[in-house]
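**Student:**
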Amino acid sequence: MGLREDLERFREVGEQRRPDLTEFIREGDLSGGDGDIRIPVKMVDLPGFEYSQRDMGGVGQGQGGQPQPGQPVDVPGDDGDDGDGDGDGDEPGEGEGEHGYYEMDPSEFAEELDDQLGLDLEPKGKQVVEEVEGDFTELTRAGPNSTLDFEQLFKQGLKRKLATDFDEEYVREACRVAGADARDVFDFCRGENVLVSLAWIDDAMGDVPDDERDRWASFDEMAENVERTPINQRIRRDGLKQVPFRREDERYRHPEVEEKRQKNVVVVNIRDVSGSMRKRKRELVERVFTPLDWYLTGKYDEATFHYVAHDAEAWEVERGEFFGIRSGGGTRISSAYELAAEILAEYPWSEWNRYVFAAGDSENSSNDTTENVVPLMRSIDANLHAYVETQPGGNTINATHAEEVESALTDLDNVAVTRVGGPEDVTGAIYDILSTEDGS
Amino acid sequence: MKDDRIVARREAARLEEPAERARELAERLGLRPYPVNYWVVDYDEMNELIAYDGFQTRYPHWRWGMKYDRQRKQDAFGMGKAFEIVNNDNPCHAFLQESNSLADQKAVITHVEAHADFFRNNEWFGRFAGDDEEPDAAAMLERHAETIAGYMDDPETDRGEVERFIDAALCLEDTIDQHRALAAERGGETAEEFADVDIDERLDRLGLSSEVRDQVFDDEWVEAQEGREHLAAPRPDVLAYLREHGERYDDEEGKATEREPWMDEVLELLRREAYYFAPQKLTKVMNEGWAAYWESLMMAEEGFAGTDEFLTYADHQSRVLGSPGLNPYKLGKELWEYVENAANRREVVDRLLRVRGVSWRNFHDTVDFDTVREALAPDPALEEVRSDTLDRFDPDDPRVDADGLERARAGEIDADRYPWAVLSYEGLCERHFSLAKPAHRGFLERVGRSELEQAARYMFDDEVYASVEEALADVDYGAGWARMREVRESHNDVTFIDEFLTREFVVEGNYFTYEYSRATDDYRVASTDPDDVKRKLLLRFTNFGKPSIAVYDGNFDNRGELLLGHRYNGVALDLAKAESTLERVFELWGRPVNLATIVTEYDDHELEVARRRGREPDGEEVGVRLRYDGDGVEHHELDAELEARIGAAEVDYDTKPDDWLA
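These protein sequences, in sequence, are chains A and B.
Each residue of the first sequence is one higher than the one before, starting from 1 at the first, in the UniProt record's numbering.
Each residue of the second sequence is one higher than the one before, starting from 1 at the first, in the UniProt record's numbering.
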């Protein structure tokens, strides 16, 4: 079918023309979602003479009432910074924002990033043993009927039958030995390895007609004249009749427990959401954190993320809100590390690779850094602690958190402090962070 | 298609009756659709058909793969499930997804019948083939596919080169003269061409080797000799112009040389396809609205959805019409309802103004609208057509289909399921008279004085009726549908929206325009004025919502360069895209290509002042000529005379209020 070929060809063309990864991290739309990384490939589609989207404007429809002129509108598909996303619910018209996406999965992303930044981070440290179900080759004594190993049950039953079966005719003849009582017969049979019970002999003795009681003078005479029929012949003659199934013979098939070594990572992303973190700073944080998340997702088998927002207090949020939140309030960075420590308590250091990434504009309440944050950072075991200072437009005087952390923790090799002033610094910061661990 | 599959076959059998009945009903309602062949396809086939624009075979190209990929993902995320796709052909081919519920299938079938009617009767579609030809689209596209696949597989040609050539042509697929028939464009200007035999061609006939030729007749000489065509009027069909006059750039010889024959052919095929698909792009709103209108009438009002399916249908419809933003189904359907209501109102007003004592001045005072509404309500007998009411009908009543009545009485037609089968077109007109519907209550009353005056102006026999009742008895219930059919014949989206988009529609829908603000670096609501919204909307539909580009000169600067002009309407080009498009145009022209356009420039001082005062900066419109010569794009100043030629001063699509950020 022709379309299969067209699809293959599209993949090839997409591969060639998708935007450069570092450029994408700096400028692309990172809101693509949690699972797959969606890299817009508007570039793939053919160009054409088109209006400038900004100059063209458009028509939208208000949800619940006529909007006021001057109110911001979210327009998807704009290349540049779009509105602050006030979420007034107004939908711009359809038609725009219809892009082809070239999708990358996180491991592909991590590989590319390694390639482009020259990184070589091998996931290491803890390896958690994960029990994975293997084939149904193990057996247990209980289980659902469908997993009952009948072949095994039957075999056991058969063995049991073979073991308990005896040549009835032979025993009956033994009962016809003159003068023998049940006990004599039983002793004789046991001597002959015939597994018969005394009770059975009692019954059989009762059944022997009186005139046959002394057919044989002695056991020896009887043994000489009566031949024992071997079990296989008896089964052939009489059929299997009943196989004695016993509950204790029941075995249920059970998946084999395979031990799989899996590399797990937990990442705590911390962000200052206080009033001083304006839109540009927030965006920069998103640009640094999102690729880091993707990268680690791609590197590890299992990745868990926690998002902590803080001003003077800290609280945990969903990823969707994380990069957008703004609050008033002051800043106390230690609050976030306290919460991080609490969260990480559930991810034992012996089993998990842990990363704590924090970002903010370096402003902190006085002495909080040296008195609280630094000791906390020392006490939290992690593969990597990173602090990303986003300071577009230079430092302000009281923004010293990054500096203080840097100087206080020089003895540790798992601490990275990096500064981002604009989108052009983003890939550098990512490199700094990841190479800190790489080199350790 | 694989019609040997059991699910598809079972589904097809189940749909046979609804399809037949839908056709009968559509025809009874006055539609004249092309015959439709229905196909039941599975999910994957559906996505393939959508990628191929509703056809089974297209030429090999990665773009279809991209569309397929996109469609598949959309579907997987539950957005935009495709229920059907129908193509414009005679007969039409409609493809239904086998997983649709029966209610969906019925809705889709009624929808498709209306599309088939639109394809057949709208003049823009007629233009592609000419009056007496059929579109014969499936066969045409298949031939094209074979031809192009042939070139790709040909060991003499490089597959990559064919693909690149197609890419270049596709970049220009919308720069055609979509308002003219393909046939007319082809026949034009032959006389002119014979007079102007290309000088390169004459040199070629001398049979010299290219070394000798280049020595003796160097480029400068050739250029001096060339009395190339200077166009009197701009040519909007850029693809045609490039096919006729374009060359290719030969890397080895370092200059333009004649194209390979396959290139000419590919260009022509793609241009033909562009013309074939243009009407669908030109009438998207009308066509979808038309289909949504008749679908709703047949499904809901004529009970084509069974009582048990009604809810599923209502859900289906609300999903289609209810998606937010500006959706062509909803916009189109509401415009069509307006067309219907307006024509019906015109008819009723026309009758009422002929009543003695009623004039346009006293219309609202003398006419009692409640009485009028009662009088206009359809005959109750027509509203209640059921198997147990058949006795009420007289076969001689023009509103009754005598044959249908007889068959219904004989039990051959189930009048409970197909009540319309008992009625004639006339009966159906009355049964569905729009002004009597609760949804349109008050529409008549809202008639404006100017409309009344206009209706009365040339009315001479204005005292025909003694009473309102007498006048209303003469009302032609078919006026609305007749008008809709007229509009359906001649309009396209631009004229349709321009003429029928009402203030009410804009206000009730809370529509607004938005513009980009340089001061705040984001988009802002600009205006809620209905006229502004309409203008903005028209910008989106005029020329496929793309800037209009035409050939202004084929021998620009006497160097054989191509000059394209952007007919500037106040909205600037996306320059980055324009530049990369220009690079593709070069591949179809072979010599340097130019594009004249106008950009708005802001000087730093003005930006600073505006920023400080919190207002939008005032820019200056400057003409610019982009030139691509095979290496890079240069920006040149634009000749004032050319700037005047490409600018259109009288249009303004900017809807920003002066003090909108205050």
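Ideal Cβ placement from N, Cα and C applies to all residues, glycine included.
I need the boundaries of the beta strand (DSSP E) containing B:ASP521, first residue and last residue.
**Tutor:** Segment: none, B:ASP521 is in no beta strand (DSSP E) and carries neither H nor E.
**Student:** Is the CB of A:VAL317 under 7 Å away from at least one CB in chain B?
**Tutor:** For A:VAL317, the answer is no, since every Cβ of chain B falls outside 7 Å of its Cβ.
**Student:** Does the Cβ-Cβ distance between A:PHE322 and A:TYR307 come in under 7 Å?
**Tutor:** Contact: yes.
**Student:** Quick one: Cα of B:LEU352 to Cα of B:ALA473, how far?
**Tutor:** Going from the Cα of B:LEU352 to the Cα of B:ALA473 covers about 11 Å.
**Student:** Kindly list, in the order they appear in chain A, the residues whose Cβ is closer than 9 Å to that of B:LEU626.
**Tutor:** Result: empty, since nearest Cβ-Cβ is about 11 Å, beyond 9 Å.
**Student:** Check for me: the alpha helix (DSSP H) holding B:ASP553 runs from which residue to which?
**Tutor:** It is not in any alpha helix (DSSP H) - B:ASP553 instead sits in the beta strand (DSSP E) that spans 549–556.
**Student:** Tell me, which residues are paired with B:GLN97 by DSSP?
**Tutor:** Its beta-bridge partners are B:VAL41.
**Student:** Express the C-alpha separation of A:ALA314 and B:LEU321 in angstroms, rounding to a whole number.
**Tutor:** Computed Cα separation, rounded: 45 Å.
**Student:** Could you tell me the boundaries of the beta strand (DSSP E) in which B:HIS636 lies?
**Tutor:** Per DSSP, B:HIS636 belongs to the beta strand (DSSP E) from 633–637.
**Student:** Assign B:TRP360 to one of three DSSP states: helix, strand, or coil.
**Tutor:** Coil.
**Student:** Taking 7 Å as the threshold (beta carbon to beta carbon), is B:ASP522 in contact with chain A?
**Tutor:** It does: the Cβ of B:ASP522 has a partner Cβ on chain A nearer than 7 Å.
**Student:** Considering only C-alpha positions, which residue in the set A:GLN53, A:LEU195, A:SER107, A:VAL267 is nearest to B:ALA578?
**Tutor:** Looking at the Cα atoms, A:GLN53 is the closest of the given residues.
**Student:** Below 7 Å between beta carbons: does that hold for A:ALA399 and A:ASP425?
**Tutor:** No, Cβ-Cβ distance for A:ALA399 and A:ASP425 is not below 7 Å.
**Student:** Rounding to the nearest angstrom, what Cα-Cα distance links B:GLU620 and B:VAL599 in this structure?
**Tutor:** Cα-Cα distance, rounded: 8 Å.
**Student:** Check each residue of the segment 531–562 of chain B: if its Cβ is closer than 8 Å to any Cβ of chain A, include it; give the result in chain order.
**Tutor:** Under the 8 Å Cβ criterion, the segment 531–562 of chain B contributes VAL533, LYS536, LEU537, LEU539, ARG540, GLY545, LYS546, PRO547, ILE549.
**Student:** In the DSSP assignment, find the alpha helix (DSSP H) that holds A:TYR170 and state where it starts and stops.
**Tutor:** Note, A:TYR170: alpha helix (DSSP H), 168–175.
**Student:** Just mark A:THR297 as buried or exposed, buried being the case when its beta carbon has 16 or more other beta carbons within 10 Å.
**Tutor:** It is buried - the Cβ of A:THR297 has at least 16 other Cβ atoms within 10 Å.
**Student:** Cα separation between A:THR410 and A:ILE325?
**Tutor:** A:THR410 and A:ILE325: Cα-Cα distance of roughly 32 Å.
**Student:** Can you check whether the C-beta of B:LYS577 is within less than 7 Å of a C-beta belonging to chain A?
**Tutor:** Cβ-Cβ to chain A under 7 Å: yes for B:LYS577.
**Student:** Judging by CA-CA distance, which residue of A:HIS401, A:TRP294, A:GLY118 is the nearest neighbour of A:ARG319?
**Tutor:** Here the closest residue by C-alpha is A:TRP294.
**Student:** Kindly list the residues whose CB is nearer than 6 Å to the CB of A:ALA303, restricted to its own chain and excluding five residues on each side of it in sequence; keep chain order.
**Tutor:** Counting only Cβ-Cβ distances below 6 Å, and skipping sequence neighbours, we find VAL265, LEU296, THR297.
**Student:** Which value, in whole angstroms, describes the spacing of the CA atoms of B:SER296 and A:GLN61?
**Tutor:** If I take the Cα positions, the gap works out to 23 Å.
**Student:** Short of 8 Å Cβ to Cβ, which residues in the segment 46–64 of chain B face chain A?
**Tutor:** Of all residues in the segment 46–64 of chain B, GLU48, ALA51, TYR52, THR57, ARG58, PRO60, HIS61, TRP62, ARG63, TRP64 have a Cβ within less than 8 Å of some Cβ in chain A.
**Student:** In chain order, what are the residue ranges of uninterrupted alpha helix (DSSP H) at least 4 long that sit wholly in the segment 355–429 of chain A?
**Tutor:** List check, alpha helix (DSSP H) in window: 374–379, 401–408.
**Student:** Look at the alpha carbon of B:ASP368 and the alpha carbon of B:GLU470, and state the distance between them as a whole number of angstroms.
**Tutor:** Each residue's alpha carbon lies about 14 Å from the other.
**Student:** Within 7 Å (strictly less), CB to CB, does B:TYR514 reach chain A?
**Tutor:** True, the Cβ-Cβ gap to chain A drops below 7 Å.
**Student:** Quick one, which residues of the segment 141–154 of chain A are near chain B if we go by CB-CB under 8 Å, in chain order?
**Tutor:** So nothing in the stretch comes that close.
**Student:** For B:THR581, count the other beta carbons within 10 Å of its own beta carbon; 16 or more makes it buried, fewer makes it exposed. Which is it?
**Tutor:** Buried, because 16 or more other Cβ atoms sit within 10 Å of the Cβ of B:THR581.
**Student:** Between which two residues does the alpha helix (DSSP H) harbouring B:TYR329 extend?
**Tutor:** 328–352 is the extent of the alpha helix (DSSP H) around B:TYR329.
**Student:** Kindly list, in the order they appear in chain B, the residues whose Cβ is closer than 7 Å to that of A:LEU7.
**Tutor:** Those within 7 Å of A:LEU7 in chain B are GLY65, TYR68, ASP69.
**Student:** May I ask you to list, following chain order, the residues of the segment 64–78 of chain A that have a beta carbon less than 9 Å from some beta carbon of chain B?
**Tutor:** The residues in question are GLY64, GLY65, GLN66, PRO67, GLN68, PRO69, GLY70, GLN71, PRO72, VAL73, ASP74, VAL75, ASP78.
**Student:** Expressed to the nearest angstrom, what Euclidean distance is found between the alpha-carbon atoms of B:ARG611 and B:TRP294?
**Tutor:** For B:ARG611 and B:TRP294, the distance between alpha carbons rounds to 53 Å.
**Student:** Would you kindly work out how many angstroms separate the C-alpha atoms of B:LEU231 and B:GLU173, rounded to a whole number?
**Tutor:** Roughly 22 Å between the two C-alpha positions.
**Student:** Is any heavy atom in the ligand ATP found nearer than 6 Å to the beta carbon of B:SER434?
**Tutor:** In terms of ligand content, the structure shown is empty, and the ligand ATP therefore cannot be addressed.
**Student:** Would you report the Cα separation of A:ASP432 and B:LYS73, rounded to the nearest angstrom?
**Tutor:** For A:ASP432 and B:LYS73, the distance between alpha carbons rounds to 36 Å.
**Student:** Starting from the C-beta of B:ILE6, find all residues in its chain whose C-beta is less than 7 Å away, skip the five residues before and the five after it, and write them out in chain order.
**Tutor:** Nothing meets the Cβ criterion.
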